[in-house]
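Working notes, beginning with the structure itself.
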Amino acid sequence: MRTFKDRLRHTFLFELIALSLVAIFGAWITGHSPAEMGTLGLMMSLLAMAWNLIYNWMFDQWDMKYRNMAPRGVKIRIIHALLFEGGLLIAGIFIVAWWLSITLVQALLLDLGFAAFFLVYAYVFNLTYDKTFPVPAQQAVAS
21 MRTFKDRLRH
31 TFLFELIALS
41 LVAIFGAWIT
51 GHSPAEMGTL
61 GLMMSLLAMA
71 WNLIYNWMFD
81 QWDMKYRNMA
91 PRGVKIRIIH
101 ALLFEGGLLI
111 AGIFIVAWWL
121 SITLVQALLL
131 DLGFAAFFLV
141 YAYVFNLTYD
151 KTFPVPAQQA
161 VAS
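Our numbering numbers the first residue of the sequence shown as 21 and each following residue consecutively.
What follows is the structure, encoded as structure tokens:
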């Protein structure tokens with residue numbers, strides 16, 4: 021199991037690298053400045069964290085009322101993930117359109133690009149992080 025300090029390092033590096041990549045490559049792809057894209061990346065990150073808290077609280081409320089917190093199988097996990105991403109995408113479209121002064125269709129395409137980027141980025145980052153900072157053998161066996 022990872023320590024709290026390790027989780028802090030993980031979170032900090034994840035966000036720092038992601039924001040840097042969004043600022044640099046987002047500026048290159050869209051023609052907006054790295055400062056604009058970096059700020060947009062930060063806003064989207066804060067949106068994702070806030071939505072994560074609110075959505076999961078609401079989902080737990082629903083689950084308690086209608087399923088009595090029964091174990092969450094594959095079907096519920098898929099529904100949970102799709103609703104989370106859908107809500108984040110909808111909210112993100114308006115932020116992207118407002119911040120970059122673009123149309124909602126352009127914002128949708130860019131937001132879909134963000135979603136695709138973060139899907140791949142999270143996989144690559146976590147794989148690399150696990151190889152760079154492995155869990156000590158004693159802890160891995162004890163878990």
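Every residue, glycine too, gets a C-beta built ideally from N, C-alpha and C.
Which value, in whole angstroms, describes the spacing of the CA atoms of residue i and residue j?
i      : j      : result
Arg22  : Phe45  : 31 Å
Arg87  : His52  : 47 Å
Trp77  : Leu33  : 26 Å
Ile49  : Met57  : 10 Å
Pro91  : Phe153 : 32 Å
Leu36  : His100 : 27 Å
Asp26  : Ile122 : 39 Å
Ile115 : Ala55  : 16 Å
Ala157 : Val125 : 49 Å
Which of the three DSSP states, helix, strand or coil, is assigned to residue i?
i      : result
Met64  : helix
Arg87  : helix
Arg92  : coil
Thr152 : helix
Ser40  : helix
Is the Cβ-Cβ distance between residue i and residue j less than 8 Å?
i      : j      : result
Trp119 : Leu62  : no
Gly112 : Met69  : no
Ala142 : Ala127 : no
Gly106 : Tyr75  : no
Leu109 : Asp131 : yes
Might you give, ordered along the chain, the residues of its own chain that have their beta carbon closer than 7 Å to the beta carbon of residue i, omitting 5 neighbours on each side?
i     : result
His30 : Tyr149
Met89 : Asp83
Check: Would the stretch 25 to 41 and the stretch 131 to 146 be scored as touching if the rule is three or more Cβ pairs under 8 Å?
Finding: Verdict: yes, contact present.
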